[in-house]
Every structure is written in C-alpha cells, then in structure tokens.
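Residue numbers for the sequence shown follow UniProt numbering, so the first one is 1 and each next one is one higher.
Where a beta carbon is used, it is the ideal one built from N, C-alpha and C, also for glycine.
In this text, all values refer to a predicted model and were calculated from it rather than measured experimentally.
Remarks on the structure that follows.
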Amino acid sequence: MLIVGERINTSRKGIEPAVRSRDLEFINNEVVLQVAAGAGMIDVNAGTLLEGEPEALAWLTQVAQAEANVPLCLDSPNPLALSAALKVHKGKALINSISGEEERYRAIIPLAKEYQAAVVALTMDNNGMPTDAMGRLNVARKLIQRLNADGIDLSDIYIDPLVQPIGSDSNQGAAVLGTISVIKAEYPDVHVICGLSNISYGLPIRRLLNRTFLAMCVTMGLDGVICDPLDRDMMKAIYASAALVGKDEFCMGYINAFREQRLD
1 MLIVGERINT
11 SRKGIEPAVR
21 SRDLEFINNE
31 VVLQVAAGAG
41 MIDVNAGTLL
51 EGEPEALAWL
61 TQVAQAEANV
71 PLCLDSPNPL
81 ALSAALKVHK
91 GKALINSISG
101 EEERYRAIIP
111 LAKEYQAAVV
121 ALTMDNNGMP
131 TDAMGRLNVA
141 RKLIQRLNAD
151 GIDLSDIYID
161 PLVQPIGSDS
171 NQGAAVLGTI
181 SVIKAEYPDV
191 HVICGLSNIS
201 YGLPIRRLLN
211 RTFLAMCVTM
221 GLDGVICDPL
231 DRDMMKAIYA
241 SAALVGKDEF
251 CMGYINAFRE
261 QRLD
C-alpha cells in the first residue's frame, strides 16, 4: 500500500511562507515527520506561488530528497514547474497529474516519457468529470490505453477516480468504489490512488467517514492513498485494511507498525 504524505502543499497554513522564505528547517521537519509516520512517498506542491512555482517546486524537490531517501509525487498541472522539478529529482518520480483533457495530456506526456516518470491519471477529459462509475471507467480505459501506447508501462499508471463529496451527491462513494473495482479487475497491473478526505466535505465527524471509506476502497483494490500520515487513526485504518485484504505479506506492515507503536 503506497502512502503519499500530503502535508507539503503551499495551500496549507504555514507552508507557503516557509517556501517563500526558503525555510529549510521547516520543510525538513515536515519531511521527517511524514516519513517517520509511514509515508513511502512525499507529495510536494507549490501551486499557490503562481509565477514562482517552477523555482519553488524544484527547491522543494531538492530539499525533500536531501532529507529523506524516498521518491516524490510532483503535484502540479504546470509543465514548466514539473520540468524544473523533474530535472533535479533523484530516481523515479510520480507526476500528479495528467488527464484526458487534450491540452493537458499533450503538455505532460513528453515529460513523463523523457524522465521515465510514473503518472497519476485523473478520470476527467474535455467533457469534464463524470459523476457516475461508468463515465469514470470510460475515461480511465481511454487514458490507460493511450498512456500505454505512448510508452508508459501499465505499472507506472496510477488512476485517480476523483473522490467527490457525498454531502452533495450521495452516490459519489459508490461511484468511486465501482470504478476502483472494475479498473483493478480489467487492468491488474495498473494502480489506483486517491485522496479520500473530499468524500466527507461538509459533514460532521469527517474522520469517521474518511477512515470507513478508506477501508471500503482498499477492499475494492485501492493500492495508493494521498493523506496526512500524521493522522494516526487514518494510518491505523490503512495498516489494518491492507492486512485484512492480503495487501500486506505475512502482515509484516501491520506487525512493524505495532512494534513501532503506531497502532496505540
């Protein structure tokens, strides 16, 4: 189960000032805390800096990888920012993201090929984002086939079914679960990844909904999650879910988490 730490995002309180001032200690601390909590990859996003995004994302990439030996999820729709970050990234990066939108696809695919990066593929295209499972599946299938034809290995494709709030459409949870299940059945080498917290937007006790939805998604085949690894309850749900559905060989991830007192 791939856990991508989401905390280094300039839309979060405290992160943008730290990036603007190039506060090395602050960013280092964020990296260390997330890796220590179980993140196997760190997401870096400098999207609020607009004109300064390419330089900021490249700086974040260098700082994060200097502090921790983990790959990064380079989170930007801006090809200039992605290019700057990919030039300094060590190892295989994960580009977040590409989609079926023609302009975006054409801008990002050359970077993925040049740097042999994996890609998060959003289930949306020039017609927008489908609201049901069938629409999401149609977009996902086309993206998988096109990416693979363009030289991206199936194992380097991470489909994001785009979680939307159930508070405004009670069918959104079921749509995501259905999308995950079919994608994993049809393309077992393709990964499915998503951020979960949007499912509970506007509702009370959001963490309860998020954790429950996480377990349901893992059951359907979800094998990557973008989350705050400092949310101990969410992390406990991830370890337990992965063990229960056979995504944790000999339950070693769960056992190690117990030994490291992450399940308290």
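Identify every run of the beta strand (DSSP E) within the stretch 104-187, keeping only runs that are complete inside it and at least 3 residues long; order them along the chain. 118-125, 157-160
Would the stretch 234-254 count as touching the stretch 11-21 if we require 3 or more Cβ pairs under 8 Å? The stretch 234-254, when compared against the stretch 11-21, does not touch it at the 8 Å Cβ threshold.
Less than 7 Å separating the beta-carbons of Ala85 and Ala58? yes
Ordered along the chain, which non-local residues of its own chain (more than five positions away) have a Cβ less than 6 Å from that of Thr219? Val245
Got a sec: does the ligand HEM put a non-hydrogen atom nearer than 6 Å to the Cβ of Asp23? As presented, the structure is devoid of all ligands, the ligand HEM included, so that no description of it is given.
Cα-Cα separation between Val63 and Val88, rounded to whole angstroms: 10 Å
Quick check on Val19: does DSSP put it in helix, strand or coil? helix
Let me know the secondary structure DSSP gives Met1 once reduced to three states. coil
Starting from Asp75, follow its DSSP beta bridges and name the residues at the other end. Asn96
Under 8 Å Cβ to Cβ from Asn198, same chain only, skipping five residues before and after it: list those, please. Taken in chain order, the residues that qualify are Val163, Gln164, Pro165.
Hey, how far is the Cα of Pro204 from the Cα of Leu122? 28 Å
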